[in-house]
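Everything on this sheet refers to the single structure shown next.
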Amino acid sequence: MDKIRFYPLDITYKVINNKPVIHLFGKTADNKQVCVLYDDFEPYFYVIPKKGSDINNDLKNFETKRNDETISITKTETVKKRYLGNEIDAIKVFVKLPSHIPVLREELKNWNSIESINENDILFVRRFMIDNNIVPLTLYEAEGEFITQKLKVPAFKTKKIEPFESDTAIKPRILSFDIETYTPGYREIEPEKNPIIMIAFYAEDVAEENLQPGVSPKPFKKVFVWKRFKTNLDYVEFVESEAELIEKFKEVIGTYKPDILTGYFSDGFDLPYIKSRADKYKIKLDLGLDFSELKVKKGINVTAQITGITHLDIFKFIRKIMAGTLDTNQYNLNAVASEMLDEKKHDVDLDELSEAWDKEVESMDKFCEYNLNDARLSYKLAAKLMPTIREIVKITSLTIYDVNRMGFSQLVEWYLLKQAPQFNQIAPNKPSNDELIKRRAIRIKGAFVFEPKAGLYNNMVIFDYRSLYPTIIGSHNISPGTLNCSCCEGEAKSAPVENENIWFCEKRKGFIPTIIEDLITRRMRIKEIVKDQTDEKFAILDARQNTLKLLANSFYGYLGFYAARWYSLNSAEATTAYGRHYIKDVMNKAQNSGFRVIYGDTDSIMITLDEKTKEDAIKFSEKINQELPGLMELEFDGFYPSGIFVSAKMSDFGAKKRYALISENGVIIIKGFESVRRNTSLIAKETQEKVFEIILKEKDNEKAVQYVKRVVDDLRNKRVPLDKVIISIQLQKELSEYDARGPHVAVAQKLKNRGINVGPGSAIRFVVTMGNDIIRNRSKLPEEIKEHEYDSDYYINNQVIPSVERIFNVLGHTKQDLTEAKEQTKLEGFF
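Put into structure tokens, the structure is as follows:
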């Protein structure tokens, strides 16, 4: 028997000789591709019989037919399990093939003696991974022998797979790509008609055999084009036709042998487009390591999958997982690369590409450079995100491909499914369509907000509850399995839910609270360790603690998520009810301790010290923490010398989460203002930020007024450059779904008519120009207009003044004051 050590990367199964065979594609410890085959895992599901029913023999003898195939149960096992907090006798039902499970489920669901059929919809491969503790990117040892199999990589058949190391040490080999297409006459993108013009590849992982001693490896860079022109770019390679271009795409992937093929919006555009063009030429895109073709699944969420090679769509990962951690609310490649890499796309007008292609211009270098740079940025993003991706994979035991296409509620569910066997739990079923409709109509009462009074404040302190909802769930044992337990009826303390008598078990820790407390404590330990780590180790541990935080914080949303298996309306309601209780409680105690509470929202409060000191505030939080249950903790967030709350619609009370603070080290923190809204121009954003800086740092009222006047004058006299008046708004839905056609929708339609792919998530950039027509008809693409054609009055009255008007209202100024001279006054009197 041979032994190999390998890292699983992609996992599937095939039916061979009427038996399901798991295929684990991965890399050996010495960095060679391999496929490990395992055929000793039987598909199964659970049947929970009604009390007093003995159906074991009936199940063993049951059979049905599908077409000409006889389907039966191969064996059963009676097992003791826990199901939603109760101990039950369940029957583990084994079948021959995974495809037999849905057939049997449909037959058995009509049996009166069966209470429920569970875990019948867990995919066979994921069931194998859960039961065998297979974690992708982690080292395993397999014992067996190499066999001949129709695969592009060596096949190793095994009966035994065991973990060898828990840490993920593999560095996946990443290849990035990007395509540019022909879209003449500003028509819509039509892959059935219009060809791919060029394909770019970029990678920095050079194969060992190509490394030279003492020579730094160069990145792999290629742009393939099927029309010749003069160029000095050494990475441009010409082919004779589009068909040959597609063959080159296959060839590069086959030669480079990537573990991960990545692109930006490659699920939604690049790979489906390539597949469509390949179909036109009857080219078989057999990219899979088992010679299978690229699989494009169409529908609401288009996906593209390659067997054995992980397809990572960076756009999807950013949208689904990283969006909440980014400052930008635009997820195009340029915006994301600007924030995460401090790099941008090349400034090229793609409208010119088709025209240049038709006219056979001498050089198309700028388009090749643009194409390659897009591929390079995608690669850089993939590399930067890899520590986070690794940690999510490690925690959930899902493949990179699956993690890439899941939101946080799905990740929570798969984490629970992974943990369920260790706690002897049977997972609840997904809701039926009728149940989904019912759940979607339900609204849960949210957090408590104590609205601030508009004004300027001095010497402020912020406290917030660390991971409020996760620690509430853990500390109060909140879960569907502990809800209204019979063992604590009449004894347990009721949750503070209005008009409901809800309690949670006080004698036995629930499955979900146990899981969530483990996530919290693991994160706490890592945060302590991470302080003393080197850069590389820091990146890994920081990604790990951030992943644990994101996962833990998603549990409350999951409990109230309409499609969740462990859905529990009462649990979600109890969580927010306890949240309201604790925020009100700490506010009352702060006031009773002599602090002035100026704001409270969800998990945090702001107080002013007045006659008290920062040390008094810290002692107050320490006293609160002595009284809090479990892992709950009130943290001292910081001291802020001054801050301002603006009014909500010119009322006396400030809008919640609309304030600006200055920290002890002089950093301005802005929450809820136009500076972070998606429909604000740069000139409005800059004006607002500068006004805050003058007010909070310098406390000079007149200087702030005069600054705004100068901006207004610069706009009127067209001294503000065009790039500062560009407005960018993100599409929230398909163009056809918009009833009201705002400026960004009108401009987006224009882009679509030009053949540019736009849809939900696309950031639409436009400038409002001079004229008497309605605004949407005067909204133009920045490249369509000259430097001084913007409408000054629009930007003064609809952008700059609205961004600062409420700030000055707090100081006693009106809109008109911003254009009238006044005597200089200081701000001390306003505090």
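Counting in my numbering, the sequence shown runs from 420 upward without gaps.
Backbone N, C-alpha and C fix where the C-beta goes; we use that ideal spot for every residue, glycine too.
It should be emphasised that the depicted structure is a prediction, and the values quoted were computed from it without experimental measurement.
Through-space distance from Glu1052 to Thr489, alpha-carbon basis: 60 angstroms
As assigned by DSSP and simplified to three states, the class of Pro899: coil
Residue environment, Ala962, which counts as buried when at least 16 other CB atoms sit within 10 Å: buried
Residues bridged to Arg424 [DSSP beta-bridge criterion]: Glu560
Bridge partner(s) assigned by DSSP for Asn537: Tyr465
Ala448 versus Thr557 - alpha carbon distance: 10 angstroms
Range of the contiguous beta strand (DSSP E) that encloses Asp1133: Careful: Asp1133 lies outside any beta strand (DSSP E), inside the alpha helix (DSSP H) at Asn1120 to Arg1135.
Where Leu542 falls: helix, strand or coil (DSSP): coil
Any non-hydrogen atom of the ligand NAP within 6 angstroms of Asn1044 CB: The ligand content of the structure shown is nil, which means the ligand NAP is not present either.
Buried or exposed (CB count within 10 angstroms, at least 16 for buried), Asn989: buried
DSSP three-state assignment for Met1006, whether helix, strand or coil: helix
Where the beta strand (DSSP E) through Gly682 begins and ends: Ile679 to Gly682
Own chain, CB closer than 6 angstroms to Glu1247, minus 5 neighbours either side, in chain order: For Glu1247, the predicted model reports a pLDDT of 49, less than 50, meaning its position is unreliable; a value from the coordinates is still stated below. Result list for Glu1247: empty, nothing under 6 angstroms.
For Ile441, three-class secondary structure by DSSP: strand
Outcome for Leu630 when other beta-carbon atoms lying within 10 angstroms are tallied against a minimum of 16: Since pLDDT at Leu630 reaches only 48, below the 50 mark, its modelled position is unreliable, and the value read off the structure follows with that caveat. When all chains shown are included, Leu630 counts as exposed.
For Asn965, three-class secondary structure by DSSP: helix
CB-CB length for Pro691 against Val715, believed under 8 angstroms: 5 angstroms
Contacting residues, own chain, Cβ-Cβ under 6 angstroms from Val522 (five flanking each side not counted): Arg485 and Ile490
Cβ-based neighbour list, Asn551, same chain, cut-off 7 angstroms, excluding 5 preceding and 5 following: Ile580
Residues near Val1095 in its chain [Cβ-Cβ closer than 6 angstroms; skip 5 each side]: With a pLDDT of 48 at Val1095, under the threshold of 50, the modelled position of that residue is not reliable, and the figure given next carries that caveat. Same-chain partners within the cutoff: there are none.
Whole-angstrom C-beta distance between Ala982 and Lys849, which should lie under 8 angstroms: 7 angstroms
At least three beta-carbon pairs within less than 8 angstroms, the segment 1125-1137 to the segment 1155-1170: no
Whole-angstrom distance between Asn823 and Lys735, CA atom to CA atom: 6 angstroms
Residue closest to Thr994, alpha-carbon to alpha-carbon, out of Pro610, Val831 and Ile897: Ile897
As assigned by DSSP and simplified to three states, the class of Ser782: coil
Closest by C-alpha distance to Ile510, when choosing among Ala1182, Arg1173 and Val498: Val498
Element boundaries [beta strand (DSSP E), containing Ala509]: Asn505 to Val514
Cβ separation of Phe620 and Phe639, assumed to be a contact under 8 angstroms, to the nearest whole Å: 7 angstroms
Three-pair Cβ contact test at 8 angstroms for the segment 744-756 versus the segment 793-800: yes
Sheet register partners of Arg1015 (DSSP bridge): Thr1027
Rounded C-alpha distance that separates Met825 from Glu810: 15 angstroms
Validate contact between the segment 1052-1066 and the segment 879-888 using beta carbons, cut 8 angstroms, 3 pairs: yes
Where Leu542 falls, given that 16 or more other Cβ within 10 Å makes a residue buried: exposed
Contacting residues, own chain, Cβ-Cβ under 7 angstroms from Glu482 (five flanking each side not counted): Thr489, Ile490 and Ser491
Through-space distance from Gly865 to Gly1190, alpha-carbon basis: 45 angstroms
From Glu771, Leu800 and Leu731, residue whose alpha carbon lies closest to that of Lys763: Leu800
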